[in-house]
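Trainee:
2 protein chains.
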Amino acid sequence: MNKVKPVCRIAKAFAPATVANVGCGFDIMGFAIEGIGDEVEIELLESNAESIVIMKGPYGQLIPSDWAMNTASVAAQAYLNYVGQSDIKCKLTLYKNLPLGSGMGSSAASSVAAIKAMNQIFNQFLTDVECLPFVMEAERIACGAAHADNVAPSLLGGFVLVQSYQPLHVCQVNFSSTWYVVVCHPNTILRTSDSRSVVPQQVSLRKAIQQSANSAGLILALINRDKALMQQCVHDELAEPKRRTLIPNFFQIEKSILAADGFNCNISGSGPSIFSFCETLPQAETISSIMQSGFLEVGLQSETYISPLLAKGAHVISYE
Amino acid sequence: MNKVKPVCRIAKAFAPATVANVGCGFDIMGFAIEGIGDEVEIELLESNAESIVIMKGPYGQLIPSDWAMNTASVAAQAYLNYVGQSDIKCKLTLYKNLPLGSGMGSSAASSVAAIKAMNQIFNQFLTDVECLPFVMEAERIACGAAHADNVAPSLLGGFVLVQSYQPLHVCQVNFSSTWYVVVCHPNTILRTSDSRSVVPQQVSLRKAIQQSANSAGLILALINRDKALMQQCVHDELAEPKRRTLIPNFFQIEKSILAADGFNCNISGSGPSIFSFCETLPQAETISSIMQSGFLEVGLQSETYISPLLAKGAHVISYE
Chain A
223 MNKVKPVCRI AKAFAPATVA NVGCGFDIMG FAIEGIGDEV EIELLESNAE
273 SIVIMKGPYG QLIPSDWAMN TASVAAQAYL NYVGQSDIKC KLTLYKNLPL
323 GSGMGSSAAS SVAAIKAMNQ IFNQFLTDVE CLPFVMEAER IACGAAHADN
373 VAPSLLGGFV LVQSYQPLHV CQVNFSSTWY VVVCHPNTIL RTSDSRSVVP
423 QQVSLRKAIQ QSANSAGLIL ALINRDKALM QQCVHDELAE PKRRTLIPNF
473 FQIEKSILAA DGFNCNISGS GPSIFSFCET LPQAETISSI MQSGFLEVGL
523 QSETYISPLL AKGAHVISYE
Chain B
223 MNKVKPVCRI AKAFAPATVA NVGCGFDIMG FAIEGIGDEV EIELLESNAE
273 SIVIMKGPYG QLIPSDWAMN TASVAAQAYL NYVGQSDIKC KLTLYKNLPL
323 GSGMGSSAAS SVAAIKAMNQ IFNQFLTDVE CLPFVMEAER IACGAAHADN
373 VAPSLLGGFV LVQSYQPLHV CQVNFSSTWY VVVCHPNTIL RTSDSRSVVP
423 QQVSLRKAIQ QSANSAGLIL ALINRDKALM QQCVHDELAE PKRRTLIPNF
473 FQIEKSILAA DGFNCNISGS GPSIFSFCET LPQAETISSI MQSGFLEVGL
523 QSETYISPLL AKGAHVISYE
């Protein structure tokens with residue numbers, strides 16, 4: 223492609239944390255969470271400079287600042303290559319607010335924020351959906367697989383179905399909702415690769431059919447705001463039965479959440495974070511306390527986040 | 223339960239043919255077809271009579287008229303048992319308009335028409351959903367398994383998701399639609415049991431995930447009237463890859479339908495009938511001709527049926 227010209231030199235963007243899998247939506251569904259995410263500022267440098275990554279924020283020291291290894295800079299560079307500007311040098315400052323290996327789409331938020339900032343520098347040359355391949359490429363660096371179930375909702379906001387990878391096809395699910403989601407991150411690490419290794423590679427026909435029914439039903443439950451149907455459908459047949467055993471005190475916490483009128487207790491992404499849907503803010507606060515004390519019972523501190531089910535996607539904060 | 227009293231002595235009802243499976247909705251989705259179905263008239267007899275089944279209509283001589291073996295009378299008797307009236311004797315006349323082993327929900331239509339008529343005799347004592355277990359029981363007699371993906375849409379009309387069997391939970395998918403469906407029944411028999419025997423009992427994780435994505439996407443496609451999404455989602459990963467090879471000339475017919483702007487070519491139920499969605503009545507007529515000539519190429523006569531995608535469910539025709 224011909225070179226696309228940058229229209230500004232500095233842009234800063236925010237990308238939210240996300241919950242992927244959503245129970246039965248293993249590898250195909252995800253949604254954005256309000257109020258927590260990563261920020262990236264990109265500044266174009268003189269052509270004789272070297273591109274650099276500056277890490278800031280509470281988790282800034284834990285990931286590589288090597289330009290070729292950092293998920294934010296990998297996404298930014300993929301974008302530059304696409305617009306014929308692979309020689310442009312940048313300073314990329316990543317404000318890393320999301321804990322790593324949390325199951326809250328931490329690496330996705332970094333790369334999505336970077337792409338959103340970079341796309342602003344090029345005057346929104348690409349649509350959000352057109353930017354997806356670059357952030358998925360960054361996910362491959364971070365997790366070993368180019369999944370879209372965190373990056374797509376972080377970029378687009380709301381609730382997203384990844385219907386197909388080849389060709390890539392993501393659908394935003396349009397619905398209105400007054401539901402809340404509570405996400406709790408216990409301070410323990412569960413590697414995505416460990417969490418994936420327990421997932422059986424063959425499943426029974428019966429389970430495949432039930433997963434399919436649950437996913438179809440979950441979409442209906444969202445659109446019809448049907449709490450009972452959501453409670454019936456959010457169960458995963460493929461990964462969670464094994465993964466739940468990897469989350470400390472999961473079953474006791476689940477029991478308490480259901481007793482407090484939470485819809486569910488499921489693993490966020492590949493864990494160790496967990497999430498629950500509920501109807502009201504007071505319920506969300508009760509569930510938040512249940513999750514925190516449940517992890518404390520097994521000696522784990524945790525942070526919780528309460529968000530409306532429908533949260534905004536990545537957005538530009540400033541540019542000049 | 224205490225005996226419920228009949229309020230009339232004769233009732234007649236119609237139940238439509240149905241398309242089950244709907245591609246990716248293997249064992250969990252189905253919809254009703256307009257204009258073709260079975261009729262059942264039930265007449266209460268004196269208590270010293272014996273219950274009998276009278277078979278009429280083009281396919282009336284092909285199924286058992288034994289009260290304990292006929293799907294219509296099995297459903298009717300299950301209803302009588304439930305309302306505490308197991309001793310009531312009836313004459314059940316089944317107008318068998320649907321070909322057997324066609325994949326168009328033939329046995330389901332017979333039992334649904336019977337239940338609809340019987341429920342009228344008892345002044346609609348049960349809701350349609352409450353009647354489902356009786357018609358599922360009749361399906362067990364007919365097919366060896368108590369499936370709901372034909373009986374539920376035949377009873378309720380429209381497009382139905384069977385989200386769960388234990389407990390039984392069916393959802394009518396609410397949407398508006400101007401789409402059509404063409405169903406073609408070639409004059410050859412494919413036994414449900416043969417058709418089921420080719421379905422693998424273990425599936426890869428990848429296929430299970432794709433099936434789940436397709437089912438969720440198909441629901442979205444219906445609600446959003448999204449033709450492109452429907453075309454992407456209607457593919458089955460579990461049963462059809464094997465079953466398509468059992469349908470004469472399937473691949474050639476599919477190719478011609480897609481070239482004529484049909485959305486898809488899939489197997490209706492367990493076959494040998496096939497169906498295709500399309501946007502307009504002229505397209506439906508073209509697809510109907512394609513299907514018929516495609517089967518003729520391999521020496522098979524066939525009948526086609528054109529219906530709006532949203533068709534009425536079973537209904538009472540008369541009572542006295």
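Chain order of the listed sequences is A and B.
Position one of the first sequence corresponds to residue 223 (the working numbering), numbered consecutively onward.
Position one of the second sequence corresponds to residue 223 (the working numbering), numbered consecutively onward.
Just so it is clear, CB atoms sit at the ideal spot from N, CA and C, and this is done for glycine as well.
If we count the other Cβ atoms within 10 Å of its Cβ and call it buried at 16 or more, is A330/B buried or exposed?
Mentor: By the 10 Å Cβ count, A330/B comes out buried.
Trainee: How about A430/A and V425/B: are their beta carbons less than 7 Å apart?
Mentor: Contact flag set, yes.
Trainee: Using a Cβ-Cβ cut-off of less than 9 Å, list which residues of the region 422–441 of chain B approach chain A; keep chain order.
Mentor: For the region 422–441 of chain B, which is checked against every Cβ of chain A, the residues closer than 9 Å are P422, Q423, Q424, V425, S426, L427, R428, K429, A430, I431, Q432, Q433, S434, A435, N436, S437, A438, G439, L440 and I441.
Trainee: Under a Cβ-count criterion, where at least 16 other Cβ atoms within 10 Å of its own Cβ denotes burial, should F497/A be classed as buried or exposed?
Mentor: Per the 10 Å Cβ criterion, buried.
Trainee: Could you tell me the alpha carbon to alpha carbon distance between E261/B and G279/B, rounded to whole angstroms?
Mentor: If you take the alpha carbons of E261/B and G279/B, they lie about 9 Å apart.
Trainee: Which one or two residues does DSSP pair with A536/B in a beta bridge?
Mentor: In the DSSP output, where bridge partners are listed per residue, A536/B has none listed.
Trainee: Name the residues in the region 244–260 of chain B whose C-beta lies less than 9 Å from a C-beta of chain A; which are they?
Mentor: Taking 9 Å as the Cβ-Cβ cut-off against chain A, the residues of the region 244–260 of chain B that qualify are C246, G247, F248, D249, I250 and M251.
Trainee: What three-state label does DSSP hand N345/B in the structure shown?
Mentor: Three-state DSSP puts N345/B in coil, outside helix and strand.
Trainee: Looking at the C-beta of L383/B, does it have a partner C-beta in chain A at a distance below 7 Å?
Mentor: Yes, its Cβ sits closer than 7 Å to a Cβ of chain A.
Trainee: Which residues share a DSSP beta bridge with F236/A?
Mentor: F236/A pairs with E261/A and H537/A.
Trainee: With a floor of 4 residues, list each alpha helix (DSSP H) that falls wholly inside the region 376–452 of chain A, ordered by position along the chain.
Mentor: Listed in chain order, the complete alpha helix (DSSP H) runs (minimum 4 residues) inside the region 376–452 of chain A are 414–419 and 427–446.
Trainee: Find the nearest neighbour of G325/A within the set S529/A, C487/A and N372/A, judged by alpha-carbon distance.
Mentor: It is N372/A.
Trainee: Name, please, each residue of chain B whose Cβ falls closer than 9 Å to the Cβ of V395/A.
Mentor: Result: A438 and L442.
Trainee: Please report the distance separating the alpha-carbon of V384/B from that of G379/A.
Mentor: C-alpha separation (whole angstroms): 30 Å.
Trainee: Cβ atoms of F485/B and Q453/B: under 7 Å apart, would you say?
Mentor: Result yes, Cβ atoms of Q453/B and F485/B sit closer than 7 Å.
Trainee: With burial defined as no fewer than 16 other Cβ atoms inside 10 Å of the residue's Cβ, what is the status of G257/A: buried or exposed?
Mentor: So G257/A counts as exposed.
Trainee: Measuring CA to CA, which of I528/B, I469/B and Q433/B is closest to G245/B?
Mentor: Comparing Cα positions, the closest option is Q433/B.
Trainee: At which residue ranges does the region 305–354 of chain A contain complete alpha helix (DSSP H) runs of 4 or more residues, listed in the order of the chain?
Mentor: For the region 305–354 of chain A, whole alpha helix (DSSP H) runs of length 4 or above, ordered along the chain, are 328–343.
Trainee: Tell me whether I528/A, by its Cβ, gets closer than 6 Å to a heavy atom of the ligand COA.
Mentor: Among the ligands in the structure shown, none appear at all, so the ligand COA cannot be discussed.
Trainee: With DSSP as the reference, label G516/B as helix, strand or coil.
Mentor: Helix.
Trainee: Return the chain-ordered list of same chain residues with a C-beta closer than 6 Å to the C-beta of F356/B, the five sequence neighbours on each side being excluded.
Mentor: Result list for F356/B: A297, A300, Y301 and I337, in chain order.
Trainee: May I ask you to list, following chain order, the residues of the region 452–463 of chain A that have a beta carbon less than 7 Å from some beta carbon of chain B?
Mentor: So the list reads Q454, C455 and L460, given in the order they occur along the chain.
Trainee: Is the region 397–410 of chain B in contact with the region 407–417 of chain A, if contact means three or more CB pairs nearer than 8 Å?
Mentor: With a cut-off of 8 Å, the region 407–417 of chain A and the region 397–410 of chain B do not count as touching, because too few Cβ pairs lie within range.
Trainee: Quick check: what's the CA-CA separation for Q388/B versus A335/A?
Mentor: For Q388/B and A335/A, the distance between alpha carbons rounds to 44 Å.
Trainee: Quick check: the Cα distance between G516/A and T508/A, rounded to an integer number of angstroms?
Mentor: Roughly 12 Å separates the two Cα atoms.
Trainee: Which residue comes first and which comes last in the beta strand (DSSP E) that contains I469/B?
Mentor: Careful: I469/B lies outside any beta strand (DSSP E) and carries neither H nor E.
Trainee: Is it the case that the region 335–354 of chain B contacts the region 305–317 of chain B, given that we only count it when at least three CB pairs across the two stretches are under 8 Å?
Mentor: Yes, the region 305–317 of chain B is in contact with the region 335–354 of chain B.
Trainee: Using the rule of at least 16 other Cβ atoms within 10 Å of the residue's Cβ for burial, across every protein chain shown, is Q346/A buried or exposed?
Mentor: With fewer than 16 Cβ atoms within 10 Å of its Cβ, Q346/A is classed as exposed.
Trainee: Taking I445/B as the query, report the chain A residues whose CB atoms sit under 7 Å from its CB, ordered along the chain.
Mentor: The contacting residues are I445.
Trainee: Applying the 10 Å Cβ sphere with the 16-neighbour rule, what's the burial state of D458/B?
Mentor: Buried, since its Cβ has 16 or more Cβ neighbours within 10 Å.
Trainee: To test your reading of the DSSP string, which unbroken alpha helix (DSSP H) runs of 4 or more residues are found completely within the region 249–296 of chain B?
Mentor: As far as the region 249–296 of chain B is concerned, it has no whole alpha helix (DSSP H) run of at least 4 residues.
Trainee: Just the C-alpha distance for A239/B and G535/B, rounded to the nearest angstrom, thanks.
Mentor: About 9 Å.
Trainee: Under 7 Å between the Cβ atoms of L440/A and F397/A?
Mentor: No; because the gap between Cβ atoms is not below 7 Å, this pair is not in contact.
Trainee: Find the residues of chain A that neighbour S540/B, judging by a C-beta separation of less than 8 Å, and give them in chain order.
Mentor: Under the 8 Å cutoff, chain A gives no residues; its nearest Cβ is about 35 Å from S540/B.
Trainee: For the beta strand (DSSP E) that contains C184/A, what are its first and last residues?
Mentor: Chain A is shown from 223 up to 542; residue 184/A falls before or after that span and cannot be answered.
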